[in-house]
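Residue numbers (UniProt numbering): 1 to 496. From the three backbone atoms N, C-alpha and C, an ideal C-beta is built for every residue, glycine too. Okay, structure first, notes after.
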């Protein structure tokens, strides 16, 4: 593999070299077989024991180095999959195309797509660990899971019985100098409106596409505190406003690509008469003015546009041609877009600037059968996850639509008696001359899932500086990777 690619990164850091190499292999959630096989072969060629299960999870065991045979085994953990987002107009097939790197100073970007450093950098670090004969370390068990970015189903199905380690370094963090010691749990929630179609009458007018664009987006857990605009919610706001000012027929709504990403774009196809177009254009002009003012800091590029024609793509040809949704269906969809809870719902009172509970209306789709509004809700408290679930269920009952939920993942509770955390703190202060920050994170990490399998597991989460993850603006600091790799080696050396 490494002989067949033209390298963009030309430095000597093994982690970054391996990261570019593995980025040639598509690895979107649910499509991890090729990358799992590649890493398994890589490890076997270096005499490591490999367990690969039917979900393509990997457990790779590397024996202790000389002098560390009596030390307690340590787990190093990350996930194989990545979020697949791209800019509109970017020609990229995530099922077969490699990620194309671009370097800008200290930063590595992709070319119009997500970079996949979340969590390819952990996979690359595992490769560097496996391939380093001079590294001093206890026996290492490397866990690389699948479908973390969607359901964590890989971690849920992992057989933990072969694992001997009870200290685990999760390498799925995005902030150098901060050690995470707790994370949120969450659940996927779906409101479904049956699609009742009717033939479009000539009096309905001509098709127009309303588009929400120019939003920043971001990680639906980590970035929710910034209160960035959600394209799906803004689309609901626009449609709810238009209902009050003009008649229109609705043909479809869609927005967002991944439920764990704050949606940057959304669109609706409507039919308007000449008078309706004039009224809609006036309202959209006013809404643009208001939104520019409201989001001048977080989303200064936000725009609402009205274009003639059926600009939106018909997903898999599923929407009946020349049909529109019934008035009842239209109003049900608009009301749900307006009323579904979104954003920060409560803050943690014990830890400054930590979101306790949030929800993200991440994906809206229209098919021939139904309109689905998919949210991901998170909380560090199971009781508040359940409260959001009941709120969403009650909203569905009130709106008369369908509702379901799945893929609950547990939170990761803080452990006061951790033996691993003090090692990270002492090594960091000695190496960098300043204290390591200890924090909790509102995003979901697999630590909670694995702790349910191994209740005595002692976890921390660390990693290099990543920016704008889950968006096509995702980028990675080269110098941070270099520092973090050196720091990780020092920590492993200390665990004797």
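* Asked: Contact check, residue 401 vs residue 193 under 8 Å by CB: the rounded distance?
  -> The count along the chain shown starts at 1 and reaches residue 401 at position 401. The count along the chain shown starts at 1 and reaches residue 193 at position 193. At roughly 5 Å, the Cβ-Cβ gap stays under 8 Å, so residue 401 and residue 193 are in contact.
* Using the C-alpha atoms, what's the distance from residue 189 back to residue 403? -> Taking the chain shown and counting its residues from 1, one reaches residue 403 at position 403. Taking the chain shown and counting its residues from 1, one reaches residue 189 at position 189. If I take the Cα positions, the gap works out to 8 Å.
* To do: Pick helix, strand or coil for residue 405, following the three-state DSSP scheme.
  => Numbered from its first residue, the chain shown carries residue 405 at position 405. Here residue 405 sits in strand by DSSP.
* Note down, in chain order, each residue of its chain lying with its Cβ closer than 8 Å to the Cβ of residue 219, except the 5 sequence neighbours on either side. => Residue numbering aside, residue 219 sits at position 219 when the chain shown is read from its first letter. The answer, listed in chain order, is 260, 261, 262, 443, 469, 470.
* Endpoints, the alpha helix (DSSP H) within which residue 327 is located -> Translated into the one-based positions of the chain shown, residue 327 becomes position 327. First-last of the alpha helix (DSSP H) with residue 327: 327-339.
* To do: Give a yes or no on whether the C-beta atoms belonging to residue 380 and residue 155 are separated by under 8 Å.
  => Taking the chain shown and counting its residues from 1, one reaches residue 380 at position 380. Taking the chain shown and counting its residues from 1, one reaches residue 155 at position 155. No, these two residues do not count as a Cβ contact at 8 Å.
* To do: Less than 8 Å between the CB atoms is what I'm expecting for residue 102 and residue 111, so what's the real figure, rounded?
  => Within the chain shown, the letter at position 102 stands for residue 102. Within the chain shown, the letter at position 111 stands for residue 111. The pair is a contact, with the Cβ atoms about 6 Å apart (cut-off 8 Å).
* Is the distance from the Cβ of residue 340 to the Cβ of residue 306 below 8 Å? -> For the purposes of this step, residue 340 is taken as the residue at position 340 of the chain shown. For the purposes of this step, residue 306 is taken as the residue at position 306 of the chain shown. Result no, Cβ atoms of residue 340 and residue 306 do not sit closer than 8 Å.
* **Whole-Å CB distance - residue 95 paired with residue 31, under 8 Å assumed** => Locating residue 95 in the chain shown gives position 95, counting from the first residue. Locating residue 31 in the chain shown gives position 31, counting from the first residue. The pair is a contact, with the Cβ atoms about 6 Å apart (cut-off 8 Å).
* Asked: Are residue 187 and residue 389 closer than 8 Å when you measure CB to CB?
  -> Taking the chain shown and counting its residues from 1, one reaches residue 187 at position 187. Taking the chain shown and counting its residues from 1, one reaches residue 389 at position 389. Cβ atoms of residue 187 and residue 389: closer than 8 Å.
* Please check if any C-beta of chain D sits within less than 8 Å of the C-beta of residue 349. => The displayed structure is made up of one protein chain only, and chain D is not part of it.
* Return the bridge partner residues of residue 270 from the DSSP annotation. => For the purposes of this step, residue 270 is taken as residue 270 along the chain shown, with counting starting at 1. Looking at the DSSP assignment, residue 270 forms a beta bridge with 208, 250.
* CA nearest to the CA of residue 321, picked from 300, 291, 197, 419 -> Looking up residue 321 in the chain shown gives position 321. Closest option to residue 321, Cα to Cα, is 197.
* Which of helix, strand or coil does DSSP assign to residue 317? -> Position 317 of the chain shown, counted from the start, is the residue given in the question as residue 317. For residue 317, the pLDDT reaches just 49, beneath the cut-off of 50, and the residue's location in the model is therefore unreliable, leaving the point undetermined.
* **Length of the line joining the Cα atoms of residue 204 and residue 272** => Here residue 204 refers to the residue found at position 204 of the chain shown. Here residue 272 refers to the residue found at position 272 of the chain shown. So the alpha carbons of these two residues sit roughly 6 Å apart.
* Contact between the stretch 235-249 and the stretch 166-182 (3+ Cβ pairs under 8 Å) -> no
* When the distance is taken between beta carbons, is residue 465 closer than 8 Å to residue 228? -> In the chain shown, residue 228 corresponds to position 228, counting from 1. In the chain shown, residue 465 corresponds to position 465, counting from 1. Contact: no.
* Hey, which unbroken runs of the alpha helix (DSSP H) at 4 residues or more fall wholly within the stretch 403-458? -> 420-432, 447-453
* Can you tell me whether DSSP reads residue 130 as helix, strand or coil? -> Indexing the chain shown from 1 puts residue 130 at position 130. Here residue 130 sits in helix by DSSP.
* State the DSSP-derived secondary structure class of residue 82, mapped to helix, strand or coil. => Walking along the chain shown from the start, residue 82 turns up at place 82. Strand at residue 82.
* Among 69, 49, 36, which residue has its Cα nearest to the Cα of residue 56? -> Position 56 of the chain shown, counted from the first residue, corresponds to residue 56. Residue 56 has its Cα closest to that of 36, out of 69, 49, 36.
* Using DSSP with H/G/I as helix, E/B as strand and the rest coil, what is residue 358? -> Residue numbering aside, residue 358 sits at position 358 when the chain shown is read from its first letter. Residue 358 falls in the strand class under three-state DSSP.
* Go ahead and pull the three-state DSSP assignment for residue 174. => The residue you call residue 174 lines up with position 174 of the chain shown. Three-state result, residue 174: coil.
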